[in-house]
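Here's the structure we're looking at; comments come further down.
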Amino acid sequence: MYNLNQIYKNEIKIKPISLLKSLFAIAIYILVQNIISLLSVFISVLINPNMSFGNNMILVMIVTVSISIAMVILAGHIFTEKGNTKINNNNFKPNKKDYLHICLIIIGYILIREAALFEVLTQFEGPIPDETIDFIIENSSGIEFFVLSLMLFLQTLIEAPIFEELFFRGILLNGFLSKYKINHKKAIIYSAIIFAIAHLNIPQGINAFILGVILGYIYYYTKSMKLSILAHFINNLIIFIPVPSNIIFKIAYICLGLYCILKGLNYIKQLQEKNNKLAIDN
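If you count the sequence shown from 1, position 210 lands on 195 in my numbering, and the numbers rise without skipping.
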């Protein structure tokens, strides 16, 4: 019987997934999420016309997160090979050194992003325009805004790293790797493209694509969902690193970031050999 824990442990086989099929799946996900979120607001207004704007926003967020989790479970059920459980004895257990190098990779990327991409990304409108944020603040009570902020914080640091990794790396990337067995680079790029599209805006999309490639390589080399979730968590946690405007400092940040990424990736490549040895021994 399929369950998320089996995907988390990489113990279950995912069916081959094509790029077209994944695009269709993400389109259905976005459509269903938006329709149900709108319906939830419509129904709540019918039941209680006096419900405040802030409470409506809280309801939408609860529904959105619930749908996201449900869709991951459904996707796992659809794309899982039936009758093939416990097919992969992945006994690799990350140690402190492994965690440290994963942190190194993500911090390296954040340094490069803030030094080289920040000014480019800020030229585009973000996922939530400033006017919308002002409107939410003006039309929500203090407690409602606090609850919204807390829910967004928990969604960003807990729900997103766990369930996005289960879906985009645990299901989609494994599906692409099954489809394109001799070309793991294509599989990683395709999963990063879908990851970017799912964010539905240019700044987050660009960031998500690059991050998706990095997370894809972390998962491909280690086969550890724990490490990709950790990397995703760190990226979401460290929203901003101050970068001096001086061009010399920016270049230094970029060079340091590249060093961190290359050192980390070189290390996790060796973990792949360690994984393969464990698989052979078992």
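Every residue, glycine too, gets a C-beta built ideally from N, C-alpha and C. Only a predicted model underlies this, so the values are computations on that prediction, with no experimental measurement involved.
Three or more Cβ pairs closer than 8 Å define a contact, and the segment 59 to 68 meets that threshold against the segment -7 to 6. DSSP lists Thr65 as the beta-bridge partner residues of Ile(-1).
Nearest Cα to Phe77 within the set Tyr206, Ile239, Ile199 and Ala237: Tyr206.
Between Gly197 and His86, the CB-CB gap reaches or exceeds 9 Å.
In this structure, the beta-carbon distance from Tyr238 to Glu99 falls below 9 Å.
DSSP, read as helix, strand or coil, puts Leu243 in helix.
The beta carbon of Ala101 sits closer than 6 Å to those of Ile239, all from its chain and outside the five residues before and after it, given in chain order. When DSSP states are grouped into helix, strand and coil, Asn186 belongs to the coil group. With a cutoff of 9 Å on beta-carbon distance, Ser22 and Val45 are scored as near each other. By the criterion of at least three beta-carbon pairs nearer than 8 Å, the segment 169 to 177 is not in contact with the segment 16 to 33.
Rounded to whole angstroms, Ile214 and Leu(-11) show a C-alpha spacing of 14 Å. Distance check between Gly155 and each of Met36, Pro146 and Met210 places Met210 closest, using alpha-carbon atoms only.
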